[in-house]
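Inspection log for the structure reproduced underneath, given as structure tokens.
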Amino acid sequence: MSEISSAISARSRLLQPTAVNSILAEVAELRRQGRRLVSLMRGEPDLPTPAHIVEAACRALRDGRTHYPDNRGEPALREAIAEKLYRENGLTYDPGSEILVTTGATFALWAALTALLNEGEEVLLPEPIYDAYTPVIRLAGGRVRPVRARLGGGRYSLTGEDLEAAWNPAAKLLLVNTPWNPTGTVLTRDELALVAAFAARRNLVVVSDEIYEAFTYDGRVHLSPAALGEEIRERTILINSLSKTYAMTGWRAGYAAGPRAIIDAMYLVLQQSSRGPATFVQDAAVAALRGSRERVEAMRAEYERRRALVVERLDGAGRARLIRPEGGFFALLEVRALGRTSDEIRRRLLEEHGVVVVHGSAYGPAGEGTLRISFAAGGETLEDGLARLREGLEGLAG
Ligand SMILES: Cc1ncc(COP(=O)(O)O)c(C=O)c1O
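1171 is the number of the first residue of the sequence shown in the working numbering; add one for each residue after it.
Listed below in structure tokens is the structure:
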């Protein structure tokens, strides 16, 4: 073997860094040169993990909860998840057989795709969407079939016709993300009913990533597709995590719920790879799920205030138009009127104004013409970042 890099497998060559990681490399280089940058890029809450959750982890460590966990997930955590799904989502799952505890939503997605996809089978993927889905679909042997979302009436949505047009006999899964990163759409009951009817008609499994469920605005409520009826529940893998809801991104605690046969297959994938989050992390997750909702509501209200600030400062700046997010902590800013690609605009904003955002084309061709702005960080960072963005957009608009 002449060069060691030729040892890398073809499968692993299919992987690319996420947009955030690529931009982080550019940011690190500029910071090395002494530039002061403000980042409105990451989906990383700046709020601390609530103290009672941290305390539960410390207590678990002191109590010696440092050995292998139950690979399905500690029974107490699976029970707490089942209670949560019943209480907040109106769903009944058996903690013994229909729930799997995973290392974040990321691992749940990996396990679901690995358990379900045969070589060459397709995943219908709305677009623009979180860019970390495509590489794992490919790694699991699948192919992506984009479903271009429509922007109309100030929001992105999915239509039955677009889903139908994307369908072909190789399609096996439909992946949905509600609230939807990066569009900010919270799928309505009617939209989810379309998804459910389409999945039933075309015999698809629905993978539903609901990681932003706690953060919805203007009185909207999150609805899981699985809650629409028994038929769709039986073909849905619900994926969620504690990362965003409890500001626990670094704890790596997530879960999947679904029909027993699929959860069993995912459990085998997990046994042969991650073996689940640390035991004391699982104890802390029980405290999070069973604890008061007060802190979560306080965080939601804080993100809603930040969203209002983003709308106020950016809508109309340099002919840009803000797509008002209904949920999550990202806003898409339409910058088509500037007549440049989103990546060009992003670079100019970074290099000339020191503000970091993500170009919409990172989320698929349907995201071209937009920038993704995160309001997961607030305070000075948000104020300063929005001021720089406004100035940069106005400058670009001439
Ligand atoms: C849509 C979506 N799903 C999953 C994840 C990752 O979740 P986790 O931290 O639970 O692995 C993210 C993180 O940004 C996300 O935006």
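Quick reminder that beta carbons are idealized off the backbone N, C-alpha and C, glycines included. Every value quoted in this text rests on a predicted model; they were computed, and no experiment measured them.
Pull up the distance between the alpha-carbon of residue i and that of residue j, whole angstroms please.
i     : j     : result
A1285 : E1199 : 39 Å
A1501 : S1544 : 6 Å
L1569 : T1540 : Residue coverage of the chain in this structure runs from 1171 to 1568, which leaves residue 1569 outside it and unanswerable.
D1554 : S1192 : 23 Å
A1487 : G1549 : 20 Å
P1535 : S1512 : 11 Å
G1266 : E1214 : 32 Å
R1371 : I1407 : 18 Å
E1291 : W1337 : 12 Å
R1510 : R1560 : 17 Å
K1342 : T1348 : 20 Å
Y1387 : D1233 : 40 Å
N1410 : N1259 : 12 Å
G1461 : L1185 : 38 Å
Y1300 : G1568 : 31 Å
A1246 : R1405 : 26 Å
E1521 : A1189 : 17 Å
V1346 : V1505 : 25 Å
R1202 : R1517 : 17 Å
Residue i by DSSP, collapsed to three states: which one?
i     : result
P1245 : helix
S1209 : strand
D1554 : helix
I1409 : strand
T1540 : strand
P1296 : strand
K1342 : strand
G1488 : helix
L1287 : coil
E1504 : strand
D1379 : strand
P1495 : coil
T1449 : helix
P1535 : helix
N1347 : strand
T1219 : coil
M1418 : coil
R1463 : coil
W1280 : helix
H1186 : Here residue 1186 is Gln; the residue named in the question, His, does not match the sequence. Of the three classes helix, strand and coil, the one that applies to Q1186 here is coil, per DSSP.
S1179 : coil
T1355 : coil
A1547 : coil
Would you mind stating whether residue i and residue j have Cβ atoms separated by less than 7 Å?
i     : j     : result
L1210 : V1527 : yes
P1352 : R1542 : yes
V1439 : A1281 : yes
V1376 : L1344 : yes
P1298 : Y1533 : yes
L1398 : A1366 : yes
Y1263 : A1252 : yes
A1457 : I1223 : yes
A1435 : D1216 : no
R1558 : H1523 : yes
What residues are listed by DSSP as bridge partners for residue i?
i     : result
G1424 : T1272, S1411
Y1326 : L1321
H1529 : L1541
T1386 : G1497
P1316 : L1295
Using 8 Å as the threshold, is the region 1409-1426 in touch with the region 1270-1281, meaning 3 or more CB pairs across them? Counting Cβ pairs under 8 Å, three or more are found: they touch.
Does the structure place the region 1322-1333 close enough to the region 1479-1497 that three or more beta carbon pairs sit under 8 Å? Flag = yes, the region 1479-1497 and the region 1322-1333 touch.
Please confirm if the region 1230-1240 is in contact with the region 1445-1460, defined as three or more CB-CB distances below 8 Å between the two stretches. Judged by Cβ distances under 8 Å, the region 1230-1240 makes contact with the region 1445-1460, as three or more pairs qualify.
Closer than 8 Å is the cut-off here; do at least three beta carbon pairs connect the region 1466-1486 with the region 1427-1441? Using a Cβ-Cβ distance cut-off of 8 Å, the region 1466-1486 and the region 1427-1441 are not in contact, since fewer than three pairs of beta carbons, one from each stretch, lie closer than that value.
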